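A.B. asks: So that we are looking at the same thing, I have put the structure below in structure tokens.
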Amino acid sequence: MAETRKTMEPILAVRDLKVSFTTPDGDVNAVKGINLDVRPGETLAVVGESGSGKSQTMMGIMGLLAANGRVSGSAKYRGREMVGLPPKGLNEIRGAKITMIFQEPMTSLDPLYPIGKQIAEVIVHHRGGTRKEARPRVLELLKLVGIPEPERRIDSYPHEMSGGQRQRVMIAMALANEPDILIADEPTTALDVTIQAQILKLLRDLQKRFDMAIVLITHDLGIVRHFAERVVVMRRGEIVEQGGTADIFGNPQADYTRMLIEAEPHGRKAAPSDDAPIILEGRNVVVDYKIDGGFLKKRANTFRAVDNVSISLREGQTIGVVGESGSGKSTLGRALLRLISSKGAYRFGKTDTSGLDRTGMRPLRRSMQLVFQDPYGSLSPRQTVGEIITEGLYVHEPQLSRADRDKRAIAALKEVGLDPAARNRYPHEFSGGQRQRIAIARAMILKPQAVILDEPTSALDRSVQGQVIELLRDLQSRYGLSYVFISHDLSVVRAMSDYVIVMKDGKIVEEGPTDAIFSAPREDYTKTLIGAAYNIGP
Amino acid sequence: MLAFVLRRLASAVPTLFIVVTISFFLMRFAPGGPFNLERPLPPATMENLMRAYQLDQPLWRQYLTYMGNAVTGDFGPSYIYKDNSVAELIGKGLPYSVELGFYALLLALVGGVIVGTIAALRQNSAIDFAVMSVATIGVTVPNFVVGPVLTLIFAIVLAWLPAGGWGDGSLRFLILPMIALALPQLAVFARLTRGSMIEALRTDHIRTARAYGLPAKSVVVVHAMRGAMLPIVSYLAPCAAALLTGSAVVETIFTIPGVGRYFVLGAINRDYTLVMGTVVLIAIFVIVFNLLVDILYGLLDPRVRHD
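Protein sequences, first through last, are from chains A and B. Residue numbers for the first sequence follow the UniProt record's numbering, beginning at 1 and rising by one. Residue numbers for the second sequence follow the UniProt record's numbering, beginning at 1 and rising by one.
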């Protein structure tokens, strides 16, 4: 089939497409003249890291650039030029012939209208008729994308549905007018792995059924390998390499492609000896969240986020805590550090921390640190990097002189592989990976014994992810650190931890040494999780 | 929904009680009294007046009496407008203030939203800057300047409209005071609308609407505007309460027999009961409009629906 497609006329032919943005610092060229074809019924993956221009290419073709963006060159849909087409002409193509689904299922639907109404709006706009007449078609579409009880759900609002369901609704909207091309921009990046596998399977089934082409924009090579027929690799606004999926993975030509493929985290961590002392422990941890009842309301409900979980971290150990969103893994991390109120027995080293209040915990804080997921939100934009990383020293080593603090800042930045000159600059001047290094420096400057790493690599590109993992492993072996590594990303957990805890709905599903969990999972949920992460698609 | 309304009304009772109590004592602790005139009254007369209005009683007893009467709707006699009770004064003036305030509110809301939306859609263009500069002027120029200027131009120079008074209550008499009253609020609505529209137009679901080929009109009106209305609706409550209970300045300039003057006159003359009556009136308006706005909010946004 791929052979016959090669000779087919492309339905979308992109030639010398450029996208640029006017900014106060001058023009930024996001896409620098690329050529690509989309052939009928095929799946073309556009792969690249953040800033490669993969999304902006599609936004430019579809006339969806931000107000300061410009597109030039040519993009012909069945011979009709889309670049420079006035909105009226574009509106005949978008939503009918070419449709899109986006990365953000939570916000891509209008929160103020029922989902059925939003799908019907798209049908009515392109095909005429009334919203009432479109209703049976909407029901049919909801059934098609696997929304349970479509008759009831058709009148639901987006906020009443989960992320996976909302993405299904978006897919229903995309299919409503039987398009030729579906552009899927990171369609599963914001979803849990098990949901991700379901959505990809759905897309594949629907593609066969309707014989539409899918342009899959993604940074995830695992998905590409199992899903796409052809691959375009983009970097800094240019196409580095393109070809059949098997060729690209089997025999990559460009260094960049090779680097991307090899950036999958690898390596293993050996377990510490069994007699290594316990550094951080929580027994029978229970965390309840109150759901506020409000003034003059009957009763407040409670939600059990962590349900009777026990964990003991030994010196030099890394425990990976794995789970999907809402499994309670981050809450568990905060409870262990005594940052939120929780029940259970806690210990740090030889100190019983169960009954300690904020003041009691303070002297211990320097030895137990936390690194967050979001390298953009967790650093104050109004402080210099030097101020950010030395802030903890004011509390824990107030006797230090200004010069001493500066020395420590230089050392900490060197340790995480940053230029010490960085301490006089502000966070926004750094990339995501560099910011995460700053966050790690902030934790390391206090010379902690245990560090809770809460999804420290999830917001980063794969290649950067690998470097941060290397750094964390390096720091661990140099200082004998102990980590609790919280993540939804199984391949990263596998490379980082020697022991794994799998959580679901606040409870431990399964736990054990990393290799045992990955090679011989006992519980069905663990098997699903691993299956979904490593064998996407059939 | 009904339970929500009842619960909110029930919680209004303690609010009103606290407002009335605080104003009662604040008023009494202010120096002077209703009968301290420029030419002092003879002590005997003063004593008689004080006795007649029970102002010689201990403060706590006066408070209890006032509260007891207020519950039954009796807000006492006015000390200055001698032949009228406070309820009569307010009852007579309120319809004028409410009618004028309603038109002013309508003008401010509709005008502000339209102007703000145009500015948002043409963000950073000449129109945007022009509209927003005018809006800034609208906020900063006080209505005791706007009122006389309007009168000068339209009533005296051009002689199109009457300079003041209520007349037969026809629109001709209302136009100038309505504009003077609405202008600052219109400017606030315009600024609010512009800000929230710009934000709304940047959301992901607007990108979706555009990606699905919906025409600009339905993207703006159906999808962006409804979400952008939420902050405007929040401002509606205090604004409506302020406009409908009258403005001392505008009513004085245009000699309109509304209730707006009473608060200022009452405070200046230490007309205790009149001030208290006005306070209760304003408090009730604020409470009722906040409730209406919360209901409206639920209708606009399904995520905060009360059931």
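For glycine and all other residues, C-beta sits at the position ideal for the given N, C-alpha and C. The structure displayed is predicted, hence computed values, not measured ones.
7 Å is my cut-off, CB to CB: does A/D110 come that close to chain B?
C.D. replies: Taking the first sequence and counting its residues from 1, the one referred to as residue 110 of chain A is at position 110. It does: the Cβ of A/D110 has a partner Cβ on chain B nearer than 7 Å.
A.B. asks: How would you write the range of the beta strand (DSSP E) that A/N301 sits in, first residue to last?
C.D. replies: Within the first sequence, residue 301 of chain A is the residue found at index 301, counting from 1. That run of the beta strand (DSSP E) goes N301 to R314.
A.B. asks: Please report the distance separating the alpha-carbon of A/S342 from that of A/V309.
C.D. replies: What you label residue 342 of chain A is simply residue 342 of the first sequence in a count that begins at 1. What you label residue 309 of chain A is simply residue 309 of the first sequence in a count that begins at 1. About 12 Å.
A.B. asks: Can you find at least 3 beta carbon pairs, one from the segment 180-188 of chain B and one from the segment 139-150 of chain B, that sit closer than 8 Å?
C.D. replies: In short, these stretches touch, since the Cβ pair count reaches three.
A.B. asks: Have a look at A/I279, A/H159 and A/Q198 and flag the residue whose alpha-carbon is nearest the alpha-carbon of B/R303.
C.D. replies: Translated into the one-based positions of the second sequence, residue 303 of chain B becomes position 303. Checked all of A/I279, A/H159 and A/Q198; the closest Cα to B/R303 is A/H159.
A.B. asks: Is there a Cβ from chain B that is less than 7 Å from the Cβ of A/T57?
C.D. replies: Looking up residue 57 of chain A in the first sequence gives position 57. No, A/T57 does not count as interfacial toward chain B.
A.B. asks: Could one say the Cβ of A/V122 lies closer than 7 Å to chain B's Cβ atoms, at least one of them?
C.D. replies: Start at 1 with the first residue of the first sequence, and residue 122 of chain A comes out as number 122. Output row for A/V122: interface = yes.
A.B. asks: Kindly give me the distance between the Cβ atoms of A/R462 and A/H125, rounded to whole angstroms, as I take these residues to be in contact under 8 Å.
C.D. replies: Position 462 of the first sequence holds residue 462 of chain A. Position 125 of the first sequence holds residue 125 of chain A. Contact flag wrong, Cβ pair sits at about 39 Å.
A.B. asks: Strictly under 7 Å for the Cβ-Cβ distance: is A/H266 near chain B by that measure?
C.D. replies: Locating residue 266 of chain A in the first sequence gives position 266, where the first residue counts as 1. It does not: the Cβ of A/H266 has no partner Cβ on chain B nearer than 7 Å.
A.B. asks: So, for B/V219: in the same chain, excluding its five sequence neighbours on each side, which residues have a beta-carbon less than 8 Å away from its beta-carbon?
C.D. replies: Within the second sequence, the letter at position 219 stands for residue 219 of chain B. Excluding sequence neighbours, B/V219 sits near I206, A209 and R210.
A.B. asks: Hey, how far is the Cα of A/T57 from the Cα of A/Y376?
C.D. replies: As a position in the first sequence, residue 57 of chain A is number 57, starting the count at 1. As a position in the first sequence, residue 376 of chain A is number 376, starting the count at 1. Roughly 25 Å between the two C-alpha positions.
A.B. asks: Have a look at the DSSP bridge pairing and note the partners of A/T43.
C.D. replies: Position 43 of the first sequence, counting from 1, holds the residue named residue 43 of chain A. A/T43 is bridged to A/I214.
A.B. asks: Since A/I123 and A/V322 are thought to touch, with beta carbons under 8 Å apart, how far apart are those beta carbons, to the nearest angstrom?
C.D. replies: Residue 123 of chain A sits at position 123 when you count from the first residue of the first sequence. Residue 322 of chain A sits at position 322 when you count from the first residue of the first sequence. Contact flag wrong, Cβ pair sits at about 41 Å.
A.B. asks: Would you list the one or two residues that DSSP bridges to A/Q103?
C.D. replies: In the first sequence, counting from the first residue as 1, residue 103 of chain A sits at position 103. A/Q103 is not bridged to any residue.
A.B. asks: Using CA coordinates, which residue listed in B/M276, B/G195 and B/G93 is at the minimum distance from B/R122?
C.D. replies: Residue numbering aside, residue 122 of chain B sits at position 122 when the second sequence is read from its first letter. With distances taken between Cα atoms, B/R122 lies closest to B/G195.
A.B. asks: Nearest-angstrom Cα distance between A/S519 and A/G531?
C.D. replies: By one-based count along the first sequence, residue 519 of chain A stands at place 519. By one-based count along the first sequence, residue 531 of chain A stands at place 531. Rounded to the nearest angstrom, the two C-alpha atoms are 11 Å apart.
A.B. asks: Any C-beta of chain B sitting closer than 7 Å to the C-beta of A/L428?
C.D. replies: Taking the first sequence and counting its residues from 1, the one referred to as residue 428 of chain A is at position 428. Per the sequence presented here, residue 428 of chain A reads as His, with Leu not at that position. No, its Cβ sits nowhere closer than 7 Å to a Cβ of chain B.
A.B. asks: Smallest Cα separation from A/K32: which of A/G237, A/D274, A/D404 and A/M259?
C.D. replies: Numbered from 1 along the first sequence, position 32 holds the residue referred to as residue 32 of chain A. Nearest of A/G237, A/D274, A/D404 and A/M259 to A/K32, Cα basis: A/G237.
A.B. asks: Between A/A520 and chain B, is any beta-carbon pair separated by less than 7 Å?
C.D. replies: As a first step, residue 520 of chain A is located in the first sequence; it is residue number 520 there, counting from the start. A/A520 does not count as touching chain B.
A.B. asks: Let me know if A/Q465 comes out buried or exposed under the rule of 16 or more other beta-carbons within 10 Å of its beta-carbon.
C.D. replies: Looking up residue 465 of chain A in the first sequence gives position 465. By the 10 Å Cβ count, A/Q465 comes out buried.
A.B. asks: Hey, quick one: how far does the beta strand (DSSP E) through residue 607 of chain A stretch, first residue to last?
C.D. replies: The structure shown has nothing for residue 607 of chain A, since chain A only spans 1 to 538.
A.B. asks: To the nearest angstrom, how far is it from the Cα of B/V280 to the Cα of B/P95?
C.D. replies: Within the second sequence, residue 280 of chain B is the residue found at index 280, counting from 1. Within the second sequence, residue 95 of chain B is the residue found at index 95, counting from 1. Taking the straight line from one Cα to the other gives about 16 Å.
A.B. asks: Any idea what DSSP makes of B/V98, helix, strand or coil?
C.D. replies: Locating residue 98 of chain B in the second sequence gives position 98, where the first residue counts as 1. DSSP places B/V98 in helix when its eight states are reduced to three.
A.B. asks: Under 7 Å, do A/I199 and A/Q167 count as touching if we go by C-beta distance?
C.D. replies: Locating residue 199 of chain A in the first sequence gives position 199, where the first residue counts as 1. Locating residue 167 of chain A in the first sequence gives position 167, where the first residue counts as 1. For A/I199 and A/Q167, yes; Cβs fall inside 7 Å.
A.B. asks: If you draw a straight line from the alpha carbon of A/D27 to that of A/R70, how long is it in whole angstroms?
C.D. replies: Taking the first sequence and counting its residues from 1, the one referred to as residue 27 of chain A is at position 27. Taking the first sequence and counting its residues from 1, the one referred to as residue 70 of chain A is at position 70. In a straight line, the C-alpha of A/D27 is about 10 Å away from that of A/R70.
A.B. asks: Look at the alpha carbon of B/T255 and the alpha carbon of B/L274, and state the distance between them as a whole number of angstroms.
C.D. replies: As a working mapping, residue 255 of chain B is identified with position 255 in the second sequence. As a working mapping, residue 274 of chain B is identified with position 274 in the second sequence. Whole-angstrom Cα-Cα distance: 20 Å.
A.B. asks: Give the secondary structure of A/I536 by DSSP, where H, G and I count as helix, E and B as strand, and everything else as coil.
C.D. replies: Here residue 536 of chain A refers to the residue found at position 536 when the first sequence is read from its first residue. Caution applies to A/I536, whose pLDDT of 48 falls short of 50 and renders its modelled position unreliable; the value that the coordinates give is listed next. It is coil, neither helix nor strand.
A.B. asks: Can you find the residues in the same chain that come closer than 6 Å, C-beta to C-beta, to A/E315, ignoring five residues on each side of it along the sequence?
C.D. replies: Looking up residue 315 of chain A in the first sequence gives position 315. Within the same chain, A/E315 has close Cβ partners A276, P277, I279 and S482.
A.B. asks: Could you tell me the distance, in whole angstroms, from the CA atom of B/F4 to the CA atom of B/F289?
C.D. replies: For the purposes of this step, residue 4 of chain B is identified with residue 4 of the second sequence, where counting begins at 1. For the purposes of this step, residue 289 of chain B is identified with residue 289 of the second sequence, where counting begins at 1. Whole-angstrom Cα-Cα distance: 15 Å.
A.B. asks: Select from A/R153, A/V286 and A/L313 the residue whose C-alpha is nearest the C-alpha of A/S273.
C.D. replies: Position 273 of the first sequence, counted from the start, is the residue given in the question as residue 273 of chain A. Per the Cα distances, A/L313.
A.B. asks: Buried or exposed: which applies to A/R522, given that a residue is buried once 16 or more other Cβ atoms fall within 10 Å of its Cβ?
C.D. replies: Within the first sequence, the letter at position 522 stands for residue 522 of chain A. So A/R522 ends up on the exposed side.
A.B. asks: Return yes when the Cβ of A/E42 is within less than 7 Å of the Cβ of A/E241, no when it is not.
C.D. replies: Residue numbering aside, residue 241 of chain A sits at position 241 when the first sequence is read from its first letter. Residue numbering aside, residue 42 of chain A sits at position 42 when the first sequence is read from its first letter. No.
A.B. asks: Could you check whether the segment 434-443 of chain A touches the segment 350-365 of chain A, counting it as contact only if at least three pairs of C-beta atoms, one from each stretch, sit closer than 8 Å?
C.D. replies: These segments do not touch.
A.B. asks: With 7 Å as the threshold, decide whether the Cβ of A/N91 is near any Cβ in chain B.
C.D. replies: Along the first sequence, one-based indexing puts residue 91 of chain A at 91. True, the Cβ-Cβ gap to chain B drops below 7 Å.
A.B. asks: Would you check if the distance between the CB atom of A/Q369 and the CB atom of A/D454 is smaller than 7 Å?
C.D. replies: As a first step, residue 369 of chain A is located in the first sequence; it is residue number 369 there, counting from the start. As a first step, residue 454 of chain A is located in the first sequence; it is residue number 454 there, counting from the start. Going by C-beta atoms, A/Q369 is not nearer than 7 Å to A/D454.
A.B. asks: Are the beta-carbon atoms of A/A305 and A/G328 separated by less than 7 Å?
C.D. replies: On the first sequence, residue 305 of chain A is found 305 positions in, with the first residue counted as 1. On the first sequence, residue 328 of chain A is found 328 positions in, with the first residue counted as 1. A contact, by the Cβ cut-off of 7 Å.
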